[in-house]
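Asker:
Number of protein chains: 2
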Amino acid sequence: MATIKEVAKLAGVSVATVSRTLNKNGYVSENAREKVEAAIKELEYYPNEVARSLFQKTSKMIGLLLPDISNPYFPLLMKGIEESAREHGYSIILGNVEEGSEAGNDYMTLFAQQNVAGVLSAVENTLSHQQAMPVVMLDRVMEVDDYAVYTNDVKGGILAAQAIVDRDPGKVVIIAGPKTVPGAIDRLIGVLSVLNPTNVEYEIVETQSFSIKEAEVTAKEIFRRYGKIDSVIASNDLFALAVMKEAQRRGSRVPEDIQVIGYDNIPFSQLVYPGLTTISQPAFQVGYQAADLLVRRIKQKDIQNKRIKLDPELVVRDSLREREEK
Amino acid sequence: MATIKEVAKLAGVSVATVSRTLNKNGYVSENAREKVEAAIKELEYYPNEVARSLFQKTSKMIGLLLPDISNPYFPLLMKGIEESAREHGYSIILGNVEEGSEAGNDYMTLFAQQNVAGVLSAVENTLSHQQAMPVVMLDRVMEVDDYAVYTNDVKGGILAAQAIVDRDPGKVVIIAGPKTVPGAIDRLIGVLSVLNPTNVEYEIVETQSFSIKEAEVTAKEIFRRYGKIDSVIASNDLFALAVMKEAQRRGSRVPEDIQVIGYDNIPFSQLVYPGLTTISQPAFQVGYQAADLLVRRIKQKDIQNKRIKLDPELVVRDSLREREEK
DNA sequence: TCTAAATGTGTAATCGGTTACAGGTGATCG
DNA sequence: CGATCACCTGTAACCGATTACACATTTAGA
Chain P
43 MATIKEVAKL AGVSVATVSR TLNKNGYVSE NAREKVEAAI KELEYYPNEV ARSLFQKTSK
103 MIGLLLPDIS NPYFPLLMKG IEESAREHGY SIILGNVEEG SEAGNDYMTL FAQQNVAGVL
163 SAVENTLSHQ QAMPVVMLDR VMEVDDYAVY TNDVKGGILA AQAIVDRDPG KVVIIAGPKT
223 VPGAIDRLIG VLSVLNPTNV EYEIVETQSF SIKEAEVTAK EIFRRYGKID SVIASNDLFA
283 LAVMKEAQRR GSRVPEDIQV IGYDNIPFSQ LVYPGLTTIS QPAFQVGYQA ADLLVRRIKQ
343 KDIQNKRIKL DPELVVRDSL REREEK
Chain D
43 MATIKEVAKL AGVSVATVSR TLNKNGYVSE NAREKVEAAI KELEYYPNEV ARSLFQKTSK
103 MIGLLLPDIS NPYFPLLMKG IEESAREHGY SIILGNVEEG SEAGNDYMTL FAQQNVAGVL
163 SAVENTLSHQ QAMPVVMLDR VMEVDDYAVY TNDVKGGILA AQAIVDRDPG KVVIIAGPKT
223 VPGAIDRLIG VLSVLNPTNV EYEIVETQSF SIKEAEVTAK EIFRRYGKID SVIASNDLFA
283 LAVMKEAQRR GSRVPEDIQV IGYDNIPFSQ LVYPGLTTIS QPAFQVGYQA ADLLVRRIKQ
343 KDIQNKRIKL DPELVVRDSL REREEK
């Protein structure tokens, strides 16, 4: 791997001239520029980003902190992040933090040691080093977080509940996510804000995680506990899918006997039968916007709104009954 | 952020002594070590990895090249990689290359510029810089690749076909993946090696990608083209799921009227009804082993086998009919 | 034509670490 | 008692880039 010195020697100029040519700043004569460019091509030279980063005290890298990458919501989020970051010339250092673990701060330190330009985080406990590096929170957002991109979960909850209420709800079971996850609480608030003014009968089941294992257990559990159920509002698609499966296994028809609505619109929800009606979270958009916001912050551009709230949408497929005419 | 100089000054020693203390090499007196450690704690010092990397000409980072992160097979793979890498003290720089794009080489250059210690790649065209950085291929492996971790796809194909042949196959449709993907070809070879010696009637449908969109289109297409189908062997779970859905939508019962077997065992295949019988690829293991192999290569440990082949397994759920007794 | 500004270039300091080397101590051994 | 060696420490070179600064040359303006 060639260095700037070798390029300078081959071109017959000093390293300063090579550097100026590379970065297009300062004065460089036509003649010198051509010689340098020829030498660069000849040696297949590309500058060492590490050396640059050392001097600049920053880099072209963004740290990304996710809770449990294997959650199917994240791939799309990551894709959005990666795409936006790449367009701005940044790359991603990945950090995976298991739900509830304390590794978040370790990763923040690591990011700081790597001179990352900024951090995107969907993990709660990441306070350390905040002064040193700009951070944009995503998806799981607290009030204290300055910069954030997230979805309007209250509205999502409302959308889900409204869809159920409009369609002969009967007895409703609400599967609420972990109350440690801010978004999950908001969804529940939204759901209840619709159900409470009506006289729809409902039960709330709280879960500990968003894992598939727990989804399966919970699905069996609610049928055991509540017997006949007419509608289920799930806190994410995994739980909705698990409920649908268990219902069908027990011989119930979806949506005739039991209707189910999910949350997230993960790609699979359209691959099951019947297609899962769900609330679509703009995962790709959240990622894309978050990376964009972070880069603008890194570049010190002035930013109109530091907190970007995206709207979820109802995606109607086949797991709900027909709407009742009023 | 404190530097080694500040630590040295506070501890009343030279930077060399601080460095020796940090890296536990060379001689450091008990007394000096204590003073240095106190200063480190006092200043909350942690060494700058960028400066280290510049001198060492390597780093604690591994480049990861994936084709289309949003493919549901990858999260588990990534999780395995991340976990193994972290255990060895390495972190991951992510590169996402769209199917068919030429960005692979750009990323390889970027990785080289970042002084990565090595590269894990599931992308075909990544020849450049191979001399400079150790590369371990994963999942999509060519004969030319030196170091690789992958699954025995021929065996997987055999397993899948055998499961179908054992269960009253009738008319079989094989959905084969893109023939540009090495693993897809092997699966087909495996499948045919079982079917050809029998007199089972089959059709082969080749697909262009592993995308959900194409899965849905293909599912509709095969019913239109072949009418009554008794068994489907799909090249991955996405396609299998799409076929199951389309079959159910058309009023066929799975597995009574049509049986379906998938490939990958993505987490969702257990969340559909009926549960999808499939060939389990040890995605987590592939990732974990690949990162482990790469690190061993980086550390110049001697390695018994450069190519690790993992065995797929048949996971029986409910999308196949009962076995026929011979 | 004289001066100031614009242009072009190289030298060397700098970023924050690591490590070769030189130099100093005290202990051990012949 | 001098040599050898283990132990300990600091100075300075080095990794590969950027850039402040000094200096030279050309151009422009009056």
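For the protein sequence lines, the chains are P and D, in the order given.
As numbered in our numbering, residues 43 to 368 make up the first sequence, in order.
As numbered in our numbering, residues 43 to 368 make up the second sequence, in order.
Ideal placement from N, C-alpha and C gives every residue a C-beta, glycine not left out.
Here the structure is a predicted model, which is why all the values come from computation and not from measurement.
Out of P:Thr249, P:Asp360, P:Lys51 and P:Leu107, point me to the one whose CA is closest to leucine 230 of chain P's CA.
Answerer: Residue 230 of chain P sits at position 188 when you count from the first residue of the first sequence. For leucine 230 of chain P, the nearest C-alpha among the options comes from P:Thr249.
Asker: Going by beta carbon distance, what residues of the same chain come within less than 7 Å of glutamate 366 of chain D, once the five residues before and after it are set aside?
Answerer: Position 324 of the second sequence holds residue 366 of chain D. The residues are Asp208, Arg209 and Asp210.
Asker: List the DSSP bridge partners of threonine 320 of chain P.
Answerer: Stepping through the first sequence from its first residue, residue 320 of chain P is reached at position 278. Paired residue(s): P:Gly304 and P:Val357.
Asker: Flag this pair as yes or no: are the beta carbons of isoleucine 134 of chain P and isoleucine 104 of chain P separated by less than 7 Å?
Answerer: Counting from one through the first sequence, the residue named residue 134 of chain P turns up at place 92. Counting from one through the first sequence, the residue named residue 104 of chain P turns up at place 62. For isoleucine 134 of chain P and isoleucine 104 of chain P, yes; Cβs fall inside 7 Å.
Asker: Which partner residues does valine 247 of chain P have in the DSSP bridge list?
Answerer: The residue labelled residue 247 of chain P in the question sits at position 205 within the first sequence. The partner list for valine 247 of chain P (beta bridge, DSSP) reads P:Ile217.
Asker: Mind checking which residues open and close the alpha helix (DSSP H) that includes threonine 45 of chain D?
Answerer: Taking the first residue of the second sequence as position 1, residue 45 of chain D is located at position 3. No alpha helix (DSSP H) contains threonine 45 of chain D, which DSSP labels as neither H nor E.
Asker: Run through chain P and tell me which residues come within less than 9 Å of serine 61 of chain D, C-beta to C-beta.
Answerer: Against the second sequence, residue 61 of chain D aligns to sequence position 19. The contacting residues do not exist; serine 61 of chain D stays about 15 Å from chain P at best.
Asker: Quick check on the DSSP output: what are the complete alpha helix (DSSP H) runs of length 4 or more inside the stretch 93 to 156 of chain P, in order along the chain?
Answerer: Complete alpha helix (DSSP H) runs here, min 4: 116 to 129 and 145 to 155.
Asker: Residue range of the alpha helix (DSSP H) that arginine 209 of chain P falls in?
Answerer: By one-based count along the first sequence, residue 209 of chain P stands at place 167. Segment: none, arginine 209 of chain P is in no alpha helix (DSSP H) and carries neither H nor E.
Asker: With three or more C-beta pairs closer than 8 Å as the rule, is the stretch 332 to 343 of chain D touching the stretch 306 to 314 of chain D?
Answerer: Not touching, per the Cβ criterion.
Asker: Helix, strand or coil, according to DSSP, for serine 273 of chain D in the structure here?
Answerer: Indexing the second sequence from 1 puts residue 273 of chain D at position 231. Looking at serine 273 of chain D - three-state DSSP - the assignment turns out to be strand.
Asker: One question on the structure: do aspartate 181 of chain D and alanine 164 of chain D come within less than 7 Å of each other, judged by their Cβ atoms?
Answerer: Within the second sequence, numbered from 1, the residue matching residue 181 of chain D stands at position 139. Within the second sequence, numbered from 1, the residue matching residue 164 of chain D stands at position 122. Yes, Cβ-Cβ distance for aspartate 181 of chain D and alanine 164 of chain D is below 7 Å.
Asker: Under 9 Å Cβ-Cβ, which residues of chain P neighbour lysine 121 of chain D?
Answerer: In the second sequence, counting from the first residue as 1, residue 121 of chain D sits at position 79. Going along chain P in sequence order, the residues near lysine 121 of chain D (Cβ under 9 Å) are Asp110, Ile111, Ser112 and Asn138.
Asker: Let me know the secondary structure DSSP gives alanine 190 of chain D once reduced to three states.
Answerer: For the purposes of this step, residue 190 of chain D is identified with residue 148 of the second sequence, where counting begins at 1. If DSSP states are grouped into helix, strand and coil, alanine 190 of chain D belongs with the strands.
Asker: Do the CB positions of alanine 284 of chain P and alanine 257 of chain P come within less than 7 Å of each other?
Answerer: The sequence position of residue 284 of chain P within the first sequence is 242, counting from 1. The sequence position of residue 257 of chain P within the first sequence is 215, counting from 1. Contact: yes.
Asker: Going by beta carbon distance, what residues of the same chain come within less than 6 Å of glutamine 237 of chain D, once the five residues before and after it are set aside?
Answerer: Residue numbering aside, residue 237 of chain D sits at position 195 when the second sequence is read from its first letter. A quick correction: the sequence has leucine, not glutamine, at residue 237 of chain D. Cβ within range, chain order: Ala203 and Tyr244.
Asker: Could you tell me how far apart the beta carbons of valine 161 of chain P and leucine 96 of chain P are, in whole angstroms, since I believe they sit closer than 8 Å?
Answerer: One-based indexing of the first sequence puts residue 161 of chain P at position 119. One-based indexing of the first sequence puts residue 96 of chain P at position 54. About 20 Å; that fails the 8 Å criterion.
Asker: Whole-angstrom Cβ separation of glycine 68 of chain D and arginine 62 of chain D, contact assumed at under 8 Å?
Answerer: Taking the second sequence and counting its residues from 1, the one referred to as residue 68 of chain D is at position 26. Taking the second sequence and counting its residues from 1, the one referred to as residue 62 of chain D is at position 20. Between arginine 62 of chain D and glycine 68 of chain D the Cβ distance is about 4 Å, and since that is below 8 Å, they are a contact.
Asker: Along the stretch 280 to 295 of chain P, what residues have a CB closer than 9 Å to any CB found in chain D?
Answerer: The residues in question are Leu280, Leu283, Ala284, Met286, Lys287, Glu288, Ala289, Gln290 and Arg291.
Asker: Find the residues of chain P that neighbour methionine 43 of chain D, judging by a C-beta separation of less than 8 Å, and give them in chain order.
Answerer: Residue 43 of chain D sits at position 1 when you count from the first residue of the second sequence. Going along chain P in sequence order, the residues near methionine 43 of chain D (Cβ under 8 Å) are Ala154 and Ala174.
Asker: Would you identify the three-state DSSP class for lysine 348 of chain D, choosing helix, strand or coil?
Answerer: To locate residue 348 of chain D, count along the second sequence from 1; it is residue 306. Looking at lysine 348 of chain D - three-state DSSP - the assignment turns out to be coil, as it is neither helix nor strand.
Asker: Does the Cβ of serine 71 of chain P have 16 or more other Cβ atoms within 10 Å, making it buried, or fewer, making it exposed?
Answerer: Position 29 of the first sequence, counted from the first residue, corresponds to residue 71 of chain P. Classification of serine 71 of chain P: exposed, given that the 10 Å Cβ count is below 16.
Asker: Which one or two residues does DSSP pair with valine 178 of chain P in a beta bridge?
Answerer: Residue numbering aside, residue 178 of chain P sits at position 136 when the first sequence is read from its first letter. Beta-bridge pairing links valine 178 of chain P to P:Leu162.
Asker: Can you list, in chain order, the residues of its chain whose CB lies under 8 Å from that of arginine 339 of chain P, leaving out five sequence neighbours each side?
Answerer: Along the first sequence, one-based indexing puts residue 339 of chain P at 297. Cβ within range, chain order: Gly160, Pro176, Val178, Tyr189 and Ile345.
Asker: Does any CB atom of chain P fall closer than 7 Å to the CB of leucine 180 of chain D?
Answerer: As a first step, residue 180 of chain D must be located in the second sequence, where it is residue number 138. Closer than 7 Å: no.
Asker: Residues of chain D with CB under 7 Å from threonine 93 of chain P, in chain order?
Answerer: As a first step, residue 93 of chain P must be located in the first sequence, where it is residue number 51. Reading the sequence as shown, one finds alanine at residue 93 of chain P and not threonine. Within 7 Å Cβ-Cβ: Leu96.
Asker: What is the DSSP secondary structure of valine 337 of chain D, counted as helix, strand or coil?
Answerer: On the second sequence, residue 337 of chain D is found 295 positions in, with the first residue counted as 1. Three-state DSSP puts valine 337 of chain D in a helix.
Asker: Given a cut-off of 7 Å, decide if serine 361 of chain D and proline 316 of chain D are closer than it, judged by their beta-carbon atoms.
Answerer: Mapped onto the second sequence, residue 316 of chain D falls at position 274. Mapped onto the second sequence, residue 361 of chain D falls at position 319. Yes, they are a contact pair.
Asker: With H, G and I counted as helix, E and B as strand and the rest as coil, what does DSSP make of lysine 66 of chain D?
Answerer: On the second sequence, position 24 is the one that residue 66 of chain D refers to. Coil at lysine 66 of chain D, not helix or strand.
Asker: At the level of alpha carbons, what is the spacing between lysine 77 of chain D and leucine 52 of chain D?
Answerer: Indexing the second sequence from 1 puts residue 77 of chain D at position 35. Indexing the second sequence from 1 puts residue 52 of chain D at position 10. Each residue's Cα considered, the two are about 9 Å apart.
Asker: Ignore the nearest five residues each way along the sequence and tell me which others in glutamate 86 of chain P's own chain have a CB closer than 8 Å to its CB.
Answerer: Sequence index remark: in the first sequence, residue 86 of chain P carries index 44 (1-based). Contacts found: Ala44.
Asker: Can you tell me whether DSSP reads isoleucine 225 of chain D as helix, strand or coil?
Answerer: Here residue 225 of chain D corresponds to residue number 183 of the second sequence, with the count starting at 1. Looking at the sequence shown, residue 225 of chain D is not isoleucine but glycine. Glycine 225 of chain D falls in the helix class under three-state DSSP.
Asker: If you measure between the beta carbons of alanine 276 of chain P and glycine 304 of chain P, is that distance less than 7 Å?
Answerer: As a first step, residue 276 of chain P is located in the first sequence; it is residue number 234 there, counting from the start. As a first step, residue 304 of chain P is located in the first sequence; it is residue number 262 there, counting from the start. In contact: alanine 276 of chain P and glycine 304 of chain P (Cβ atoms closer than 7 Å).
Asker: Consult DSSP for glycine 54 of chain P and reduce its assignment to one of helix, strand or coil.
Answerer: Your numbering for residue 54 of chain P matches position 12 in the first sequence. Correct three-state label for glycine 54 of chain P: coil.
Asker: Could you name the residues of the stretch 297 to 315 of chain D whose beta carbon sits closer than 7 Å to any beta carbon of chain P, in the order they occur along the chain?
Answerer: From the stretch 297 to 315 of chain D, only Pro309, Phe310, Leu313, Val314 and Tyr315 have a Cβ closer than 7 Å to chain P.
Asker: In chain D, which residues lie with their C-beta within 7 Å of the C-beta of tyrosine 69 of chain P?
Answerer: As a working note, residue 69 of chain P is residue 27 in the first sequence. Those do not exist, as tyrosine 69 of chain P stays about 26 Å from chain D at its closest Cβ, beyond 7 Å.
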